[in-house]
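Shown next, in structure tokens, is the structure this report addresses.
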Amino acid sequence: MDLIGIYPKEAIEEGVCPVCRILEKHENNVIGEILYEHVLDPEVDRSFKKSMGLCTYHAWKLKEIAYANPLYGALGVSMLYERVLSHYITSLKKGDAGEEECPLCLLSREKERNTIESIATRFDELFEVYKNSSSIFCKRHFEMLYNYLRERDLPKAEKLKEVQIKKLESIDEGLEKFISKFDYRSKEAPTSREAGSPILAIYALRGSLIGTNLQKMCREERRRLFRGGIFGD
Numbered sequence: 003m004d005l006i007g008i009y010p011k012e013a014i015e016e017g018v019c020p021v022c023r024i025l026e027k028h029e030n031n032v033i034g035e036i037l038y039e040h041v042l043d044p045e046v047d048r049s050f051k052k053s054m055g056l057c058t059y060h061a062w063k064l065k066e067i068a069y070a071n072p073l074y075g076a077l078g079v080s081m082l083y084e085r086v087l088s089h090y091i092t093s094l095k096k097g098d099a100g101e102e103e104c105p106l107c108l109l110s111r112e113k114e115r116n117t118i119e120s121i122a123t124r125f126d127e128l129f130e131v132y133k134n135s136s137s138i139f140c141k142r143h144f145e146m147l148y149n150y151l152r153e154r155d156l157p158k159a160e161k162l163k164e165v166q167i168k169k170l171e172s173i174d175e176g177l178e179k180f181i182s183k184f185d186y187r188s189k190e191a192p193t194s195r196e197a198g199s200p201i202l203a204i205y206a207l208r209g210s211l212i213g214t215n216l217q218k219m220c221r222e223e224r225r226r227l228f229r230g231g232i233f234g235d
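Read in order, the letters of the sequence shown correspond to residues 3 to 235 in our numbering.
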């Protein structure tokens, strides 16, 4: 297996949604690079000004990573956002305070597409690893991978779906057993697997707390509000 293929394999072996895990590492790496090498980069400066900094999620993630590492600290964040804030003040005075999309969101979506394609391309060598692992693709990334495969190789897509359903059923079974152990008649404590089922269920439905998943949730919420919620007739 080549070096590109090892990365998805390692992610699968970590026990959560492998695509989410890859994207989480990607986000952390990009933010680390910005803080370590690109605080004074003119291209980064232009990009940050156009987008008024990063989106809410990535801005706080930038702060979290910076403040947690003495090598970065608050200086890099201060320098980046002083320029952005100064640009915003100037734009506001001119009556032109528009903003473009968060650059890290754009990078994350591109990485997400590339990761799905990479896993699909290596399906034959990664399928058994996934099948026999404790990992499970979250709903979003399963559907992306399934749809990608279905357009190109339906039998592979159906193989993936079959395994995904078995994994979901296993989590559901764990949840049912976990709940039953709280019945006053039960004489057994939940096993570690059963105790982990609530977290796995959240992973399976919503994935990790990463930018691409939050973007999807925000888009769905906006559609819900305009269809018949707060802004409905």
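Think of the CB as a built atom: it goes at the ideal place given N, C-alpha and C, for glycine as much as any other residue.
Check                                                                                                                                        : Outcome
Count Cβ pairs between the segment 19-28 and the segment 40-49 that sit closer than 8 Å; are there 3 or more?                                : no
Quick check on Ile204: does DSSP put it in helix, strand or coil?                                                                            : helix
Check each candidate in Leu156, Gly78, Arg152 and name the one with the smallest Cα separation from Glu35.                                   : Gly78
Which word fits Phe144, buried or exposed, when buried means at least 16 other C-beta atoms lie within 10 angstroms of its C-beta?           : buried
Hey, quick one: how far does the alpha helix (DSSP H) through His28 stretch, first residue to last?                                          : 20-39
Are at least three pairs of beta-carbons, each pair with one atom in the segment 96-110 and one in the segment 163-181, less than 8 Å apart? : no
Helix, strand or coil: how does DSSP classify Arg224 here?                                                                                   : For Arg224, the predicted structure reports a pLDDT of 44, less than 50, and the residue's modelled location is therefore unreliable. The matter cannot be settled from this model.
Kindly indicate the opening and closing residues of the alpha helix (DSSP H) around Asn116.                                                  : 105-123
Look at the alpha carbon of Glu196 and the alpha carbon of Ile14, and state the distance between them as a whole number of angstroms.        : 21 Å
Taking only three categories from DSSP, how would you classify Ala70?                                                                        : helix
If you reduce the DSSP assignment to three classes, tell me which class Met81 lands in.                                                      : helix
Which of the three DSSP states, helix, strand or coil, is assigned to Pro192?                                                                : coil
DSSP three-state call for Tyr148: helix, strand or coil?                                                                                     : helix
Closer than 7 Å to a non-hydrogen atom of the ligand PLP - does that hold for the CB of Lys133?                                              : This structure does not include the ligand PLP; it has no bound ligands of any sort.
Pick out whichever of Glu12, Gly17, Tyr9, Cys104 has its Cα sitting closest to the Cα of Ile201.                                             : Gly17
Leu64 and Leu56 look like a contact to me (Cβ under 8 Å); what is the Cβ gap, rounded to whole Å?                                            : 6 Å
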